[in-house]
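J.: Got a structure for you, questions after.
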Amino acid sequence: AYLGTEVVCYEGPRPVLGIHRLVFLLFQQLGRQTVYAPGWRQNFSTRDFAELYNLGLPVAAVYFNCQRETGTGGRRM
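Take a look at the structure:
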């Protein structure tokens with residue numbers, strides 16, 4: 001990450017099949033702080049995370065749906 005430290009890497013949606021609703025939220029930090037990776041990502045609460053680190057409300061958000069196309073199972077020989 002530019003001028004920052006990656007706390008956790010991207011983890012794709014599960015299950016791999018079906019329609020996925022993805023939300024990216026941007027928060028403005030009040031200053032430098034140590035953020036710890038959550039132990040479990042399933043049922044992650046953004047609201048609790050923002051409250052724990054005193055982030056306030058998001059300053060930007062992007063929401064979209066995506067679905068994996070059939071036949072994209074990888075390389076076949």
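Taking the UniProt record's numbering, I'd label the letters of the sequence shown as residues 1 to 77. Idealized CB from N, CA, C, for every residue including glycine. These numbers were taken from a predicted model, which means no experiment stands behind them.
Please name the residue, chosen from 9, 24, 10, 17, that lies closest to residue 69 on a Cα-to-Cα basis.
T.: Checking every option, the nearest Cα to that of residue 69 belongs to 17.
J.: What distance in whole Å lies between the Cβ atoms of residue 61 and residue 27, which are believed to be in contact at a cut-off of 8 angstroms?
T.: No, residue 27 and residue 61 are not in contact; Cβ-Cβ is about 10 angstroms, not under 8 angstroms.
J.: Less than 8 angstroms between the CB atoms is what I'm expecting for residue 11 and residue 41, so what's the real figure, rounded?
T.: Yes, they are in contact, since the Cβ atoms of residue 11 and residue 41 sit about 6 angstroms apart, within 8 angstroms.
J.: Specify the secondary structure class of residue 85 as computed by DSSP and reduced to three states.
T.: Residue 85 lies beyond the range of the chain shown here (1 to 77); nothing can be said about it.
J.: Name the DSSP beta bridge partners of residue 63, please?
T.: DSSP, once it has assigned bridges, lists 23 as partnering residue 63.
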